[in-house]
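Peer 1: Residue numbers (the numbering used here): 1 to 155. Glycine included, every Cβ here is placed at the ideal spot set by N, Cα and C. Take this structure first; my questions come after.
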Amino acid sequence: MKRSIGGFADEDDLLDFDDTFIEPPPKKARSDSGYRLPKLRFLRQLPQFSSIQPRLPFRRKDLRGVISSLEAFASQFTSLEADKIRLQEEAKSSSSKLEGAIKKAAIARQEVDSLKEELNKLKERLKEEEARAAEKDELLRQSALALLGKFLYPL
């Protein structure tokens, strides 16, 4: 006869009270971890099936405790689920805000680049105009000197 150790059982967790313990087949651990599970030898010391006393049925007090525990668990679970949903909504909201900020930053960056180009063009235009103005000033100075020379030194 096989009996579960406790909770939900799969084949590896079953005890055979006639043979004391059935060891599960060895499971290979990941080669990268090098960790191996220790064999559970203490289970061989469990009492034989014939020496196990049958359990008495649950009492009302025990059931109330179980129900109270289940209610507390359900309450905590519900609260955690609500927190999870709230956090997911906050994450979505933050994500959309971040995407909006990234788009605005990209637009601002494009505007900065276009303004830099425009500024460079204006600087170049200013240099050209300054050069033309200097050239005109030089021509004006030369003509003024030529006129002064004609008045001061008539032919």
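If you draw a straight line from the C-alpha of Lys92 to the C-alpha of Gly100, how long is it?
Peer 2: 12 Å
Peer 1: Could you tell me the alpha carbon to alpha carbon distance between Ala165 and Lys123, rounded to whole angstroms?
Peer 2: No answer is possible for residue 165: the residues shown for the chain start at 1 and end at 155.
Peer 1: Quick check: what's the CA-CA separation for Ile125 versus Glu138?
Peer 2: Checking the sequence, you will find Arg at residue 125 rather than Ile. Using only the alpha carbons, I get a separation of about 20 Å.
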